[in-house]
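Chemist: Heads up, my numbering is the position in the sequence shown plus 67, with the first residue counted as 1.
Pasting in a structure now, in structure tokens, and then I'll have a few things to ask.
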Amino acid sequence: MAVIYLQEFLLQETFLSIKSVIYQLTTFLSLVFSLRFKGRDIISIEDFSREEINYILKSSHAMEPLAAKSSDMLKGKILATLFFEPSTRTRLSFEAAMLKLGGSTIGFAEAEITSVRKGENLADTIRTVENYADIIALRHPLEGAAKLAAEFSKLPILNAGSGAEEHPTQALMDLYTLQKEKGKIDGLKIALVGDLRYGRTVHSLAYALSLYNIELHLISPETLRMRHEVIRAIKNKVSIKEDTNLDNIIPQIDVLYVTRIQKERFPDPAEYAKVKGIYRIDLKTLKRAKKDLVILHPLPRIDEIAYEVDNTPQARYFQQVWNGIVVRMALLALVLGAVK
Ligand code: CP
């Protein structure tokens, strides 16, 4: 009897281990075949799985030495930067990333000097520029503009900021910075602070963070709470706590992601005046924070982080700027098929 039990047990165990091997193999194969970046648009961070994001972060790490000395990986390739809204970091870091990989750039930093001024629409602009370049980075004040451009374009479109909607490449550099500064993303208590309604970076970042095992604190004035559609999309994936008071959570958090109140997106200047300068991080704030707190900001900053904070070990927002180069180098190389 005992022998029969043993045989059944061994059969069951063998079956389970075969099942486990098959499971692991199919997971590995689906990962390999699903990690396709060549020719892909980067419109929303929601289009990416955790495995794909981790792969981009790994590829970004591999770009660090190339960013320090440059390469000819993308020699002969042209990036077009079409910026219909002001930018310092995103446009220049996309261009620097392309130049560091041996490619070239064309483009414009304001629509006023282009044929848009004469009435040309976005679709025609895209169908024109695709004759001159291999990849397009687009910033536009209208939500949905990047998606529309991707529908018309034969070239991959990189969303460099679409109105108040999303800024997916910023979210990738934010995650890369978290991983570099904290050695991990899982397990962190992260506060997004400021304008969670009109700030596109926090929308993309919240979507991306919902793929990790983190605690998310959303700190904003009532009128600038995180958009309902973002909350709806992430609430079953990640622990969320909303508050208007930053002081309440300062001592417990590991990462403080501060954002500017987006004055230009307020329909009513009186509403902006009510929330202007509502949060300010200064040395007094840091006294109550963890010693290894990491402060990030997508920049530009206005007055939400005092200059006195810049020289503290917690201030990592200018390191975050550097990380934008390596992440955008990785994205260009992956989407143009120079790395797999
Ligand atoms: N973080 C960011 O998008 O900065 P710019 O507006 O300067 O590109």
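Cβ coordinates follow ideal geometry from the N, Cα and C atoms, glycine included.
Quick caveat, the model's predicted, so the values are computed rather than measured.
Return the Cβ separation of residue 190 and residue 219 in integer angstroms, given the expectation that the two are a contact with Cβ distance under 8 angstroms.
Modeler: 5 angstroms
Chemist: In whole angstroms, give me the CA-to-CA distance for residue 249 and residue 289.
Modeler: Straight-line Cα distance between these residues: approximately 30 angstroms.
Chemist: How is the beta strand (DSSP E) around residue 284 delimited, first residue to last?
Modeler: Residue 284 -> beta strand (DSSP E) spans 282 to 286.
Chemist: Applying the criterion that 16 or more other CB atoms from any shown protein chain within 10 Å of the CB defines a buried residue, is residue 129 buried or exposed?
Modeler: exposed
Chemist: Contact check, residue 383 vs residue 363 under 8 angstroms by CB: the rounded distance?
Modeler: 6 angstroms
Chemist: Could you tell me the boundaries of the beta strand (DSSP E) in which residue 320 lies?
Modeler: Taken as a continuous stretch (DSSP letters only), residue 320 belongs to no beta strand (DSSP E), as it is neither H nor E.
Chemist: What first and last residue would you give for the beta strand (DSSP E) that runs through residue 414?
Modeler: One cannot answer for residue 414 here, as it falls past the ends of the chain, which runs 68 to 407.
Chemist: DSSP puts residue 259 in a beta bridge; with which residues?
Modeler: Answer is 285, 324.
Chemist: Quick one: residues in its chain with C-beta nearer than 8 angstroms to the C-beta of residue 138, no 5 flanking neighbours on either side, listed in chain order?
Modeler: 167, 168, 169
Chemist: Is any heavy atom in ligand 1 found nearer than 7 angstroms to the beta carbon of residue 148?
Modeler: Relative to ligand 1, residue 148 has its C-beta separated by 7 angstroms or more from all heavy atoms.
Chemist: Around the C-beta of residue 116, are 16 or more other C-beta atoms found within 10 angstroms, so that it is buried, or is it exposed?
Modeler: exposed
Chemist: Leaving out five residues on either side along the sequence, give the residues of the same chain with a beta carbon under 8 angstroms from the beta carbon of residue 177.
Modeler: 150, 151, 153
Chemist: Examine ligand 1 and report whether any of its heavy atoms sits within less than 7 angstroms of the Cβ of residue 326.
Modeler: no
Chemist: List the whole-angstrom C-beta distance separating residue 388 from residue 360, where the pair is believed to meet the contact cut-off of C-beta under 8 angstroms.
Modeler: At roughly 19 angstroms, the Cβ-Cβ gap does not stay under 8 angstroms, so residue 388 and residue 360 are not in contact.
Chemist: Measuring CA to CA, which of 368, 207, 260 is closest to residue 316?
Modeler: 260
Chemist: So which residues put a beta carbon under 5 angstroms from any heavy atom of ligand 1, going in chain order?
Modeler: Per the CB criterion, closer than 5 angstroms to any heavy atom of ligand 1, the qualifying residues run in chain order as 154, 155, 156, 157, 365.
Chemist: Return the residue from the list 140, 404, 291 that minimises the CA-CA distance to residue 338.
Modeler: Considering only alpha carbons, the answer is 291.
Chemist: With a CB to CB cut of under 6 angstroms and the five nearest residues on each side skipped, what residues in its chain are close to residue 76?
Modeler: Any reading at residue 76 must be qualified, since the residue scores a pLDDT of 49, below 50, and its modelled position is unreliable; the value itself is stated next. Nothing listed; no residue qualifies.
Chemist: Take residue 252 as the anchor and find which of 276, 265, 233 has the nearest alpha-carbon.
Modeler: When 276, 265, 233 are compared, the shortest CA-CA separation from residue 252 is found for 276.
Chemist: What would DSSP say about residue 220, mapped onto helix, strand or coil?
Modeler: coil
Chemist: In or out: residue 375 buried (at least 16 other Cβ within 10 Å) or exposed?
Modeler: By the neighbour-count rule (16 or more Cβ atoms within 10 Å), residue 375 is not buried but exposed.
Chemist: Can you grab the Cα-Cα spacing for the pair residue 239 / residue 344, in whole Å?
Modeler: 27 angstroms
Chemist: When the Cα of residue 246 is compared with those of 312, 210, 322, which residue comes out closest?
Modeler: 322
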